[in-house]
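**Student:** Going by the UniProt record's numbering, the residue at position 299 of the sequence shown is 299; the numbering climbs one at a time, nothing skipped. Even for Gly, the Cβ is constructed at its ideal location relative to N, Cα and C. None of these values were measured; they are calculated from a predicted model.
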Amino acid sequence: AVGCTMGAVPERDNACIDHLKVVHQNIRGLLSKLDELEIFLDDENPDILCLTEHNLKTFQIENLRIHDLDYISSFCRPNLNGGGVGIWSRRNIKCKALCCEQFCVEGICEFAVTSVIFSPTEKCLIVAVYRPPGNQYDTFFDNMSEVLDRFKETHSKIFVMGDMNIDLAKKTFLENKYSTIMTSHGLSNIVKSYTRETLGSKSLIDHIFTNCNSLESSVIESALSDHMAQSVLIPISSCRKLPDKKTITSRTYNESNKMVLRHHLSKEAWADMLATDDSDEKFEGFYHQLKYLFEISFPKVTKTIKDPIKKKHPPLSKELLKVKDELFDLYKTTRDLDSNHPLRQYYLELKKSYRKAIKEEKSKNILNKINTAENKSKEIWNIINNKFTVVVC
């Protein structure tokens, strides 16, 4: 089923937002690559993330926090394994999940849709798509058109992105039909480079279709799967200023304030309370007068506090950074090699060791946070809450 939630809109920075960075990645199994993904997101810093083939069930994806991004919407296969698609967004981006469950057919066409609201007159439609390899193209084409027909009229900008498993680098009947359908909706593909290269095969099967002119996309070698990531900068005409500070309202309880309260209490005659014989009225008068004295003795004060952007993943050690660089070089060198090739085998073993080392370093960092915290119980819950989120649908 499709899980939907509204994005929250707290503060992030004081920069005028004039563009939105959106990244798509076919992840081919999210849980096992979560640490690597967060390191990738630290580098790329997207505002919106679309993942295909997350391989999660609804209860998993709705409660999983990725980096500093909020879960917005997803499709998770109810019966089959694998597949799926999801959208996450930064908290300062106002998003609304759009229900498209009736258009999703597991194993054929899988969608997640969100509306990004810049202003009442400027909205951006983002459709994340996963179409597994297979021959049921007509269902995919029909349902894609229905999704666009349903939502495109209320959005000035439209972006359809994901892994469609249709190679746009080859002129075929299927590629022509697909491109013609998208053109009929006023959309064109802006990904021009290969997005999957393996064993001598190069294909452009991950796409970004849009109705915006003069935009360019980037293809990023992420080494997260055999698919490269794609990103696009979406311009925003209704540039808006965001506050650079969080505010917190609280009362100060110090000796000076307590002296003020004692002074007021000593001067109070409680005449209104004593003027009646009704005990309820006496209590009501006492309560309101005491509340008034409390308010003026301990007034609420609003303070502002900076909320600097911090990298979500702990910084890697110098040794791990060297392994990361070596791994990335090996990824590019060995992706065309057979899995039995010694160099490819070395890459796969190094990748296992790298993932294990990341987890160990992350565990040490968490343990150090707990051991050095003044309130260990509070720190443990902070760590848990940063890892999981409760979603209200």
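Please work out which residues of its chain come closer than 8 Å, Cβ to Cβ, to E146, disregarding the five sequence neighbours upstream and downstream, and give them in chain order.
**Tutor:** Result list for E146: F103, in chain order.
**Student:** I need the DSSP call for E38, collapsed to helix, strand or coil.
**Tutor:** The answer is helix: DSSP assigns E38 an H, G or I state.
**Student:** Please report the distance separating the alpha-carbon of L148 from that of V160.
**Tutor:** Looking at the two C-alpha atoms, the distance is approximately 9 Å.
**Student:** Relative to the alpha-carbon of R344, which residue among A357, G285, E326, N254 has its alpha-carbon at the smallest distance?
**Tutor:** Residue E326 is the option with its Cα nearest to R344.
**Student:** So, I87 versus S74, is the Cβ gap smaller than 8 Å?
**Tutor:** Closer than 8 Å, so yes.
**Student:** At the level of alpha carbons, what is the spacing between M228 and I48?
**Tutor:** Cα to Cα, the separation comes out at about 17 Å.
**Student:** Classify I27 as helix, strand or coil using the three-state DSSP reduction.
**Tutor:** Correct three-state label for I27: coil.
**Student:** Is the Cβ-Cβ distance between S231 and S218 less than 8 Å?
**Tutor:** A contact, by the Cβ cut-off of 8 Å.
**Student:** What distance in whole Å lies between the Cβ atoms of G162 and C50, which are believed to be in contact at a cut-off of 8 Å?
**Tutor:** With a Cβ gap of about 7 Å, C50 and G162 count as contacting.
**Student:** K369 and I358: beta carbons closer than 8 Å?
**Tutor:** No; because the gap between Cβ atoms is not below 8 Å, this pair is not in contact.
**Student:** Under DSSP, the alpha helix (DSSP H) around E197 begins and ends at which residues?
**Tutor:** Run containing E197: none in the alpha helix (DSSP H); it sits in the beta strand (DSSP E), 196-198.
**Student:** What's the gap between the Cα of L20 and the Cα of Y130?
**Tutor:** The straight-line gap from Cα to Cα measures roughly 22 Å.
**Student:** Please go through the same chain and pick out, in chain order, the residues whose beta-carbon is closer than 6 Å to the beta-carbon of T52, but skip the five residues on each side of it.
**Tutor:** N26, V85, Y130, G162, D163.
**Student:** For Y292, which residues of its own chain have a beta-carbon under 8 Å away from its beta-carbon, when the five flanking residues on both sides are left out?
**Tutor:** Taken in chain order, the list of residues that qualify is empty.
**Student:** By how many angstroms is the C-alpha of K300 removed from the C-alpha of L56?
**Tutor:** Using only the alpha carbons, I get a separation of about 46 Å.
**Student:** Applying the 10 Å Cβ sphere with the 16-neighbour rule, what's the burial state of Y347?
**Tutor:** Buried, by the Cβ-count rule.
**Student:** Under DSSP, the alpha helix (DSSP H) around E101 begins and ends at which residues?
**Tutor:** Neither: E101 is in no alpha helix (DSSP H) and is coded neither H nor E.
**Student:** Suppose you measure from the CA of E142 to the CA of K33; what does that come to, to the nearest Å?
**Tutor:** For clarity, residue 142 is Asp in the given sequence; the question names Glu instead. Rounded to whole angstroms, D142 to K33 spans 33 Å at the Cα level.
**Student:** Can you tell me whether L64 is helix, strand or coil according to DSSP?
**Tutor:** It is a strand residue.
**Student:** Using only CA atoms, which one of D35, E153, I108, A112 lies nearest to D138?
**Tutor:** Looking at the Cα atoms, I108 is the closest of the given residues.
**Student:** Cα separation between E175 and L321?
**Tutor:** Those two C-alpha atoms are separated by around 41 Å.
**Student:** Need the endpoints of the beta strand (DSSP E) that F161 sits in, please.
**Tutor:** As written in the sequence, residue 161 is Met, which differs from the Phe given in the question. Where M161 is concerned, the enclosing beta strand (DSSP E) stretches over 157-163.
**Student:** Report the rounded CA-to-CA distance for K171 versus K192, giving the unit in angstroms.
**Tutor:** If I take the Cα positions, the gap works out to 14 Å.
**Student:** E319 to P342, Cα distance in whole Å?
**Tutor:** Cα to Cα, E319 sits roughly 24 Å from P342.
**Student:** Apply the 10 Å Cβ neighbour rule to G200 and answer buried if 16 or more other Cβ atoms are within range, or exposed otherwise.
**Tutor:** Exposed is the call here.
**Student:** Going residue by residue through the region 264-343, where are the continuous beta strand (DSSP E) segments of at least 3 residues, counting only ones entirely within it?
**Tutor:** Segments of the beta strand (DSSP E) lying fully in the region 264-343: 300-306.
**Student:** How would you label S89, buried or exposed, when you count the other beta carbons within 10 angstroms and need 16 or more for buried?
**Tutor:** It is buried - the Cβ of S89 has at least 16 other Cβ atoms within 10 Å.
**Student:** Please go through the same chain and pick out, in chain order, the residues whose beta-carbon is closer than 8 Å to the beta-carbon of T276, but skip the five residues on each side of it.
**Tutor:** Taken in chain order, the residues that qualify are K282, G285.
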